[in-house]
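When you read off a place in the sequence shown, starting at 1, and then add 64, the result is the number in the numbering used here.
Even for Gly, the Cβ is constructed at its ideal location relative to N, Cα and C.
Heads up, the thing below is written out as structure tokens.
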Amino acid sequence: MPKTIILFLSFLLFAFHNFEKNTKNDWVLQNLRGKVKSISENEYNAVQNAHKVKKGASTGSERYVFNEIGNMIEQSIYNPDGTLFSNFTCTYDGNGNKIEQNRYTNGILFRRSTFTLDNNGNCTEETMYKPDGKLFRKFIYKYDDKGNKIEKNAYKPDGSITEKFTYKYDNNSNEIEENRFIADGSIADKSTFKYDDNSNKTEENKHNPNGSIAYTSTFKYEYGKNINWIKRIEFDQYKKPIVVVEREIEYF
């Protein structure tokens, strides 16, 4: 699968995660400290050179823009050559709740989502539309008393379920487990996560349906201002570096 497509899918998952926990602004959701105005992330293949890890070829980049109260107002994904691949814009109500998202590909509207919130500001329902206004998907979310998303159900336009996700958290509200179930209720896969003292993910394990580990990724960070990371290296299960991500962070 092309790296740009992988970035796009990751982007969609990230976007859904943001909407599902609307009671916390995006600074909190992205584990950012300080009044962050924008983030530019550049991703590269990792190259092992003696005992050092260096940047190889670019695999693409992303840019996040926030308003002064910590809500993300725009996110863009770029191809390795710097051309825009996809972006979305977000609309908020007077209480800072995300109520609409428009996603564009090559400058053309690709999907539009609207959101229903509970009294705590959590998104309990997301309705996603095609460019022609027809229903594409509907998502129903459930939360615990801390505002952490604990369940997500995805439905087709005919009302039939396509997938179900369940989530578990540690005492710091870091997601430590995700389970994905297919339409018949059987488990498809499981992911578990570990974090450092700064709540940055240090390990991710993908599990097969029988519970055995399919692969493991680990992460190492370098930090800048406000203990926000500015460089992350991802390693595979053989401790081989595979991805380098560098971030430039602008503050208000």
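Per-residue DSSP class, three states only, for residue i
i           : result
residue 141 : strand
residue 222 : coil
residue 202 : strand
residue 291 : helix
residue 90  : helix
residue 253 : strand
residue 263 : coil
residue 272 : coil
residue 301 : coil
residue 153 : strand
residue 147 : coil
Pairwise C-alpha distance: residue j and residue i
i           : j           : result
residue 111 : residue 294 : 18 Å
residue 252 : residue 316 : 43 Å
residue 213 : residue 232 : 9 Å
residue 284 : residue 198 : 44 Å
residue 291 : residue 96  : 8 Å
residue 225 : residue 241 : 22 Å
residue 179 : residue 115 : 49 Å
residue 239 : residue 189 : 21 Å
Cβ-Cβ distance between residue i and residue j below 8 Å
i           : j           : result
residue 184 : residue 146 : no
residue 102 : residue 130 : yes
residue 106 : residue 125 : yes
residue 163 : residue 153 : no
residue 271 : residue 254 : yes
residue 142 : residue 136 : no
Neighbourhood of residue i by C-beta, 6 Å cutoff - its chain only, sequence neighbours within 5 removed
i           : result
residue 230 : 215 and 243
residue 301 : 279 and 280
residue 165 : 152, 154 and 177
residue 306 : 110, 298 and 300
residue 122 : 108 and 144
Sequence-distant residues of the same chain with beta carbon closer than 7 Å to residue i, five excluded per side
i           : result
residue 182 : 188
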